[in-house]
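Participant: There's a structure below that I have some questions on.
Protein chains in written order, with this note's numbering: chain W, 1 to 291; chain H, 1001 to 1291; chain B, 2001 to 2291.
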């Protein structure tokens, strides 16, 4: 089967995990993949997802996939439930990418941004590393890397992954961004961008643009940040294109590189300076002045 | 010589070191290797071995190699004695892998798990980067990366590395795991798995299986951990397949992904919670109850 | 244009940045590059440059390039002024390497060590990722990775990058190493080598050799380190080839792996032990004894 290559072969395999970079885990997955097909091109998304943080995994994966060629196979392993009954799946997105992962919420933002073309459960009776039956704690190596490699190599077709799951992917709950009034938009802080400490909200630039303010106008907006309802930050901040448009140390509101509204300190660290973190309990409010 | 490829050519070169990821060191080694043959496939095992920690290097290397194809060349550089008289060697294991390294203990667990097929000393009069004669502190780049690349590229055969060494590899001393009585097994804590904080002992599942207890039975065992003989941990822990089989925060005893007995807290960090570290002065005792 | 390959094609693309390893940034750049040409070989120099530290970026890049094949394309993105009027450029060095970067000082040590063959400004009207016009904060992905990939792939020639800039690269100011008297050399501490804590000065071994002292002679030198003129360290240190030539914990003076004079503690951390940092305000004086 190894030598009969299917048309889905991309040769591109990208790993993401919370395994860190100091242990044998990541290299073991890569060895398994290259043993399937030593011609695979293997890349890392990141292995520094906070341990067990499926939310962060989902956001990071969804924020990267658009830049990779169609048919790229992503193997995403943040798997606090390894060895239990969460399902092991492969998602084909409407954008033509594949994600091999435990279906534990990791696909939340992937499904939202790229759409679900088809979801299949991995049939471990055929798609599991031979000889690994006694190991129950490292599906990243024995199931996900192995299956991802075979798919990327064209050793199996997507159909050969296993049966179609006739249900949606598992999705984490979270508050959507919304326009509250003519002059107010509210959203959540979904991420702190390390190492810079920039704040990323889930407010799309398209929603912000309903204010009718162009980026070159030098307009300012009131920014409020609350943690479980308690005010943590309340300042008026200029809306500009990029960090260099304000003085070092000054705050700015800007559309970030994936077109979500962000906050930063030019050459500084907004999150550390103002003790801001990310998650559903952190809200961000943008208020338009009549200036 | 560069263009005459030998049958040992795998094209696969894997680096491990304690050089960290923030400096020019790792990329310099890779540049040297690609200058030997720009068609090599280069991968990282890890570069975050604790500085000078040959024990950790040996364990990490030995825990990874089995998953890589035959003929893969590993370049392992944790080299506190660089520039002194420790020998630079290439080991061919009985499993058909190659390790290029200072012979300073790094091969301890590799030799134990994969067997010594042949050990050769690197002849630096031919296997040293041309022009590097004045540098004495970076054999990783000038000797090991260069020689490893030439071997992986098939520019030299294993025999052309240098003369056979008619002795064993240098081995670090450590206490083997042993059955003390019908109901007691003792071993050492050899590693804390970062970032999860799981405990890895040197007790093989095969030795544990002499207790005659199957993993699905829901049996519990008494676990004692001592540091230089002083008790640090003493609890009864269930023996299960994986983290998800106990509640979040609960301890478990399990066979880890390389079939050594491990301890973990489900979704927690065992080592941090109980202040456990790894090394020969840390012992682990497993006692079988008559339950 | 993608399929018409130019003779500058090397296929080798090396990324350096201050983006860290935990976010989507690095993988987004790589995806863009592989979407240009999925046959590119992509490597990392480091992504752990201290945020915004152009000095460190320049030193790290210049210390690595010599080991890479001619025509390798380096994409170096430490870009505190992203979105402002610093120029985006590609440098062709006299050594035949290419560097794609904001011209903000990153090229300082590259130009000094490898020479400027030609400097061209990136014409973003053609060399910018299609569809990225609305993004202003991630030129690493949209301009530098895209242009670097096209150059490495041979999709464009160096001439097609954009017009020649008839000026020097932007250079950071710094104090050169100099011989002060028959017995005294002075220089700056340019870098602390992580994770070992070795001190790297900007004093070339060639300048030190004017003392007429051979490395095997067992000679000692007085080393003074000052911070803004205040003495921080003053000891007599042996001049040896490498760490293993002195006892563990002892200091040594040695020519480092890129032939600059360095200071280290054997199996220890000189910088941490003596609270030394790097930068233009840290000076190092070496005095020759009449012993």
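Glycine included, every Cβ here is placed at the ideal spot set by N, Cα and C.
1. Can residue 2179 of chain B be considered in contact with the ligand FMN, in the sense that its beta carbon sits closer than 7 Å to one or more heavy atoms?
2. Below 8 Å, can you find three or more Cβ-Cβ pairs linking the region 79-95 of chain W to the region 116-126 of chain W?
3. Who are the Cβ neighbours of residue 2278 of chain B in its own chain at under 7 Å, not counting the five residues just before and after it?
4. For residue 1158 of chain H, name the three-state secondary structure that DSSP assigns.
5. Using a threshold of 8 Å, state whether the C-beta atoms of residue 2285 of chain B and residue 2184 of chain B are closer than that.
6. With a cut-off of 8 Å, do at least 3 Cβ pairs link the region 2066-2078 of chain B to the region 75-85 of chain W?
7. For the alpha helix (DSSP H) that residue 2285 of chain B lies in, which residues bound it at each end?
8. Within this structure, are the beta carbons of residue 1021 of chain H and residue 1048 of chain H separated by less than 8 Å?
9. Please report whether the beta-carbon of residue 1195 of chain H lies at a distance below 8 Å from any beta-carbon of chain W.
10. Please go through the region 1128-1205 of chain H and give each complete alpha helix (DSSP H) segment of 4 or more residues, from N-terminal end onward.
11. What is the rounded straight-line gap between the Cα of residue 98 of chain W and the Cα of residue 2051 of chain B?
12. Pick helix, strand or coil for residue 1030 of chain H, following the three-state DSSP scheme.
13. Ignoring anything shorter than 3 residues, give me the beta strand (DSSP E) runs that lie fully in the region 1200-1249 of chain H, in order along the chain.
14. Using the C-alpha atoms, what's the distance from residue 223 of chain W back to residue 235 of chain W?
15. Just the Cα atoms here: how many angstroms apart are residue 1115 of chain H and residue 2152 of chain B?
16. Under 8 Å, do residue 127 of chain W and residue 101 of chain W count as touching if we go by C-beta distance?
17. Could you check which residue in W/289, W/267, W/59 and W/78 has the C-alpha nearest to that of residue 182 of chain W?
18. Which term fits residue 1150 of chain H, buried or exposed, when burial requires 16 or more other beta carbons within 10 angstroms of its beta carbon?
19. Pick helix, strand or coil for residue 2126 of chain B, following the three-state DSSP scheme.
20. With a threshold of 8 Å on Cβ separation, who are the neighbours of residue 1249 of chain H within its own chain once the five nearest residues in sequence on each side are excluded?
21. Ordered along the chain, which non-local residues of its own chain (more than five positions away) have a Cβ less than 8 Å from that of residue 1158 of chain H?
22. Helix, strand or coil for residue 1113 of chain H per DSSP?
23. Does the distance from the CB of residue 1054 of chain H to the CB of residue 1026 of chain H come in under 8 Å?
24. For residue 259 of chain W versus residue 205 of chain W, is the C-beta spacing smaller than 8 Å?
25. Under 8 Å between beta-carbons, which chain W residues line up against residue 2052 of chain B? List them in chain order, please.
26. Determine the contact status of residue 2215 of chain B and residue 2178 of chain B, defining contact as a CB-CB distance below 8 Å.
27. Kindly say whether residue 1975 of chain B, judged by its beta-carbon, lies nearer than 8 Å to any beta-carbon of chain H.
28. Mind checking which residues open and close the beta strand (DSSP E) that includes residue 1015 of chain H?
29. Which residue or residues does DSSP assign as beta-bridge partners of residue 98 of chain W?
30. Which residues in chain H have a C-beta closer than 9 Å to the C-beta of residue 2108 of chain B? List them in chain order.
31. What span of residues does the beta strand (DSSP E) with residue 2046 of chain B cover, start to end?
32. Give a yes or no on whether the C-beta atoms belonging to residue 2271 of chain B and residue 2197 of chain B are separated by under 8 Å.
33. So, residue 2059 of chain B versus residue 2074 of chain B, is the Cβ gap smaller than 8 Å?
34. If we count the other Cβ atoms within 10 Å of its Cβ and call it buried at 16 or more, is residue 1262 of chain H buried or exposed?
35. Could you check whether the Cβ of residue 1253 of chain H sits closer than 8 Å to any Cβ belonging to chain W?
Facilitator: Reading from the atomic positions:
1. With respect to small molecules bound, the structure shown includes none, and the ligand FMN cannot be examined in it.
2. yes
3. 2189, 2190, 2191 and 2192
4. coil
5. yes
6. no
7. From DSSP, residue 2285 of chain B is part of no alpha helix (DSSP H) but of the beta strand (DSSP E) over 2279-2288.
8. yes
9. yes
10. 1146-1153
11. 33 Å
12. helix
13. 1220-1227 and 1230-1238
14. 5 Å
15. 43 Å
16. no
17. W/289
18. buried
19. coil
20. 1265, 1266, 1267 and 1268
21. 1008, 1090, 1092, 1098, 1118, 1120 and 1151
22. helix
23. no
24. yes
25. 267
26. no
27. Within the shown structure, residues of chain B are numbered from 2001 to 2291, placing residue 1975 of chain B beyond reach of any answer.
28. 1012-1017
29. W/73 and W/92
30. Going along chain H, no residue has its Cβ under 9 Å from residue 2108 of chain B, so there is no contact; the nearest lies around 15 Å.
31. 2041-2046
32. yes
33. no
34. buried
35. no
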